[in-house]
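Residue numbers (our numbering): 495 to 876.
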């Protein structure tokens with residue numbers, strides 16, 4: 495058995511790691527995997543860089559930032575597996591929500607218009623020379639950050655000038671709301687649902703409604719480790735693919751929730767986990783509860799394929815946020831980090847139909863569509 499240490503953050507989309515271990519998919523590949531729960535994304539990144547873990551559940555943009563040496567040490571990271579699509583949401587504190595209702599009592603019935611309502615409050619604060627609203631994201635290099643910026647931009651709000659964006663670890667968002675350290679947040683499940691269940695926040699819009707079927711987390715490894723452990727890497731990807739397929743089966747949902755709820759894994763209440771898995775956007779007032787299909791997608795629509803077009807979009811957002819200074823070759827950089835061929839090689843024994851293309855056009859498909867015989871999800875922006 496090959497020993498492999500993998501770091502993860504307690505989030506619903508870490509499920510493939512947990513299932514691969516608990517249901518024996520790692521073991522079937524001859525892998526003795528140890529899962530190490532971490533409290534922050536910087537911990538995960540640093541342990542991977544220094545070899546304290548062999549692989550990690552990571553925010554997709556972290557690989558680009560670390561490879562380019564932005565915001566920390568420089569180390570070439572790569573991925574051959576995506577943990578799925580979507581799965582985060584934007585919410586606000588109860589106090590800010592009450593303020594928003596003064597402008598629009600039905601703001602929750604029109605999620606895509608929520609940023610327009612918020613803009614009025616931002617403008618009023620500026621006029622009155624009040625402090626800007628403070629929004630939490632889980633890491634500077636995260637889809638949460640870029641989706642928050644994209645949502646604000648849809649209403650003409652300039653994130654760098656009109657709001658303050660701070661970093662709060664996912665499981666600490668509720669505490670940050672309790673202590674009135676933040677006015678809003680973009681966080682992954684189950685912590686967005688948990689904030690509402692704890693009566694500390696209100697969900698305005700899901701990540702899916704900002705960008706349909708957006709990338710989220712990936713399995714990150716150093717290029718050095720990937721080069722030295724190609725067979726082990728492929729076995730990891732295959733085991734995680736099989737675990738993702740297991741998760742996608744409705745009959746496994748209750749067992750999945752029980753695994754995730756264990757304190758050594760996600761450790762969130764089962765009710766919050768169930769809401770997040772079902773795409774049920776909870777609100778204490780039943781009229782504002784709603785279901786978002788594809789709120790999180792663990793397997794279908796080729797959710798585990800590391801599309802280089804996803805990496806390219808992320809790199810473009812990093813430039814827009816002025817995190818990347820100067821010119822870089824976006825296509826070339828994406829191709830050195832997102833190893834599509836490795837994914838294909840890992841799944842060769844599964845008989846899965848995979849596209850030969852490494853990229854797809856983003857933001858143009860309003861409905862599910864087919865590429866080379868494979869069904870892919872809609873991908874429109876707000």
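Glycine included, C-beta positions come from ideal geometry on N, C-alpha and C. None of the values given here were measured: they were computed from a predicted structure.
Check each candidate in 792, 857, 779 and name the one with the smallest Cα separation from residue 750.
-> As a working mapping, residue 750 is identified with position 256 in the chain shown. Comparing Cα positions, the closest option is 792.
Pull up the distance between the alpha-carbon of residue 662 and that of residue 570, whole angstroms please.
-> Your numbering for residue 662 matches position 168 in the chain shown. Your numbering for residue 570 matches position 76 in the chain shown. Straight through space, the alpha carbons of residue 570 and residue 662 are spaced by roughly 25 Å.
Going by beta carbon distance, what residues of the same chain come within less than 7 Å of residue 593, once the five residues before and after it are set aside?
-> Within the chain shown, the letter at position 99 stands for residue 593. So the qualifying residues of the chain are 615.
Output yes or no for whether 7 Å exceeds the beta carbon distance between residue 657 and residue 627.
-> Here residue 657 refers to the residue found at position 163 when the chain shown is read from its first residue. Here residue 627 refers to the residue found at position 133 when the chain shown is read from its first residue. Remark: C-beta atoms of residue 657 and residue 627 approach each other more closely than 7 Å.
Cα-Cα separation, residue 618 to residue 511 = Counting from one through the chain shown, the residue named residue 618 turns up at place 124. Counting from one through the chain shown, the residue named residue 511 turns up at place 17. Cα to Cα, residue 618 sits roughly 46 Å from residue 511.
Give me the Cα-Cα distance between residue 723 and residue 837, rounded to the nearest whole angstrom.
-> Start at 1 with the first residue of the chain shown, and residue 723 comes out as number 229. Start at 1 with the first residue of the chain shown, and residue 837 comes out as number 343. Cα to Cα, the separation comes out at about 14 Å.
Neighbourhood of residue 611 by C-beta, 8 Å cutoff - its chain only, sequence neighbours within 5 removed = On the chain shown, residue 611 is found 117 positions in, with the first residue counted as 1. Cβ neighbours of residue 611 beyond the five flanking positions: 594, 597, 598, 601.
State the Cα-Cα distance for the pair residue 560 and residue 632, rounded to the nearest angstrom.
-> In the chain shown, counting from the first residue as 1, residue 560 sits at position 66. In the chain shown, counting from the first residue as 1, residue 632 sits at position 138. Our two residues, residue 560 and residue 632, have alpha carbons roughly 16 Å apart in a direct line.
The alpha helix (DSSP H) enclosing residue 690, as first and last residue numbers = Position 196 of the chain shown holds residue 690. Residue range 685 to 691 is occupied by the alpha helix (DSSP H) that includes residue 690.
Does DSSP put residue 866 in a helix, a strand or coil?
-> Start at 1 with the first residue of the chain shown, and residue 866 comes out as number 372. Residue state, collapsed to three classes: coil.
Skipping 5 residues on each side, what residues in its chain have a beta carbon closer than 6 Å to that of residue 640?
-> Start at 1 with the first residue of the chain shown, and residue 640 comes out as number 146. So the list reads 811, once near-sequence residues are dropped.
Report the three-state DSSP secondary structure of residue 537 (helix, strand or coil).
-> On the chain shown, position 43 is the one that residue 537 refers to. Reduced to three states, the DSSP call for residue 537 is helix.
Simplified DSSP state of residue 605, which is helix, strand or coil | The residue labelled residue 605 in the question sits at position 111 within the chain shown. Of the three classes helix, strand and coil, the one that applies to residue 605 here is helix, per DSSP.
Short check: CB of residue 778 to CB of residue 506, under 7 Å?
-> Here the question's residue 778 lines up with position 284 in the chain shown. Here the question's residue 506 lines up with position 12 in the chain shown. Going by C-beta atoms, residue 778 is not nearer than 7 Å to residue 506.
Close-in-space but distant-in-sequence residues of the same chain around residue 742 (CB under 8 Å, 5 per side omitted) | Counting from 1 along the chain shown, the entry for residue 742 is found at position 248. Cβ neighbours of residue 742 beyond the five flanking positions: 792, 793, 794.
Within its chain, find whatever has a CB closer than 6 Å to the CB of residue 687; leave out the 5 residues flanking it on each side and keep chain order.
-> Residue mapping note: residue 687 aligns to position 193 of the chain shown, counting from 1. Once the five neighbours on either side are set aside, the close Cβ partners of residue 687 are 766, 769, 770, 776.
Examine the Cβ distances between the stretch 582 to 591 and the stretch 811 to 824 and report whether three or more of them are shorter than 8 Å.
-> The stretch 582 to 591, when compared against the stretch 811 to 824, does not touch it at the 8 Å Cβ threshold.
Neighbourhood of residue 852 by C-beta distance below 6 Å, restricted to the same chain and skipping five residues each side | Within the chain shown, residue 852 is the residue found at index 358, counting from 1. In its chain, beyond the 5 residues on either side, 802, 834 have a beta carbon closer than 6 Å to the beta carbon of residue 852.
Exposed or buried, residue 573, counting other C-beta atoms within 10 Å across all chains shown (16 or more means buried)?
-> In the chain shown, residue 573 corresponds to position 79, counting from 1. So residue 573 counts as buried.
Residues that residue 668 bridges to, as DSSP identifies them | Here residue 668 refers to the residue found at position 174 when the chain shown is read from its first residue. Looking at the DSSP assignment, residue 668 forms no beta bridge with any residue, so it has no partner.
Is it right to say residue 800 is buried, meaning 16 or more other beta carbons lie within 10 angstroms of its own, or is it exposed?
-> The sequence position of residue 800 within the chain shown is 306, counting from 1. So residue 800 ends up on the buried side.
For the stretch 574 to 620, which segments carrying the alpha helix (DSSP H) assignment without a break, of at least 4 residues, lie completely within its bounds, in sequence order?
-> Within the stretch 574 to 620, the complete alpha helix (DSSP H) runs of at least 4 residues are 588 to 597.
In angstroms with no decimal places, state the Cα-to-Cα distance between residue 773 and residue 784.
-> Mapped onto the chain shown, residue 773 falls at position 279. Mapped onto the chain shown, residue 784 falls at position 290. Their backbone Cα atoms lie some 8 Å apart in a straight line.
Take residue 850 as the anchor and find which of 867, 577, 871 has the nearest alpha-carbon.
-> Reading the chain shown from its first residue, position 356 is the one you call residue 850. Per the Cα distances, 867.
According to DSSP, is residue 853 helix, strand or coil?
-> Counting from 1 along the chain shown, the entry for residue 853 is found at position 359. In this structure, residue 853 counts as coil in the three-state DSSP scheme.
Please report how far the alpha carbon of residue 501 lies from the alpha carbon of residue 714, in whole angstroms.
-> In the chain shown, residue 501 corresponds to position 7, counting from 1. In the chain shown, residue 714 corresponds to position 220, counting from 1. When only Cα atoms are considered, residue 501 and residue 714 end up about 10 Å apart.
Leaving out five residues on either side along the sequence, give the residues of the same chain with a beta carbon under 8 Å from the beta carbon of residue 568.
-> The residue you call residue 568 lines up with position 74 of the chain shown. Excluding residues within five positions, the ones whose Cβ falls inside 8 Å are 560, 561, 562.
Using the Cα positions of residue 557 and residue 804, report the straight-line distance between them to the nearest angstrom.
-> Here residue 557 is taken as the residue at index 63 of the chain shown, counted from 1. Here residue 804 is taken as the residue at index 310 of the chain shown, counted from 1. Between residue 557 and residue 804, the C-alpha separation is close to 12 Å.
Take residue 869 as the anchor and find which of 522, 707, 508 has the nearest alpha-carbon.
-> For the purposes of this step, residue 869 is taken as residue 375 along the chain shown, with counting starting at 1. Nearest option by C-alpha distance: 707.
Under a three-way DSSP split, which group does residue 830 fall into?
-> Looking up residue 830 in the chain shown gives position 336. Helix at residue 830.
Does the distance from the CB of residue 865 to the CB of residue 712 come in under 7 Å?
-> Here residue 865 is taken as the residue at index 371 of the chain shown, counted from 1. Here residue 712 is taken as the residue at index 218 of the chain shown, counted from 1. Contact: no.
Counterpart residues of residue 551 in DSSP-defined beta bridges = In the chain shown, the residue the question calls residue 551 occupies position 57. According to DSSP, which records beta bridges pairwise, residue 551 is partnered with 713.
How close, in whole Å, do the beta carbons of residue 564 and residue 818 come, if the pair is a contact with beta carbons under 8 Å?
-> Here residue 564 is taken as the residue at index 70 of the chain shown, counted from 1. Here residue 818 is taken as the residue at index 324 of the chain shown, counted from 1. That belief holds up - the Cβ atoms of residue 564 and residue 818 are roughly 7 Å apart, short of 8 Å.
Close beta carbons around residue 738, own chain, < 6 Å, minus the five adjacent residues each side | On the chain shown, position 244 is the one that residue 738 refers to. The answer, listed in chain order, is 510, 792, 793, 798.
DSSP three-state assignment for residue 516, whether helix, strand or coil | Taking the chain shown and counting its residues from 1, the one referred to as residue 516 is at position 22. In this structure, residue 516 counts as helix in the three-state DSSP scheme.
For residue 679 versus residue 788, is the C-beta spacing smaller than 7 Å?
-> Taking the first residue of the chain shown as position 1, residue 679 is located at position 185. Taking the first residue of the chain shown as position 1, residue 788 is located at position 294. When the beta-carbon positions are compared, residue 679 and residue 788 stay at least 7 Å from each other.
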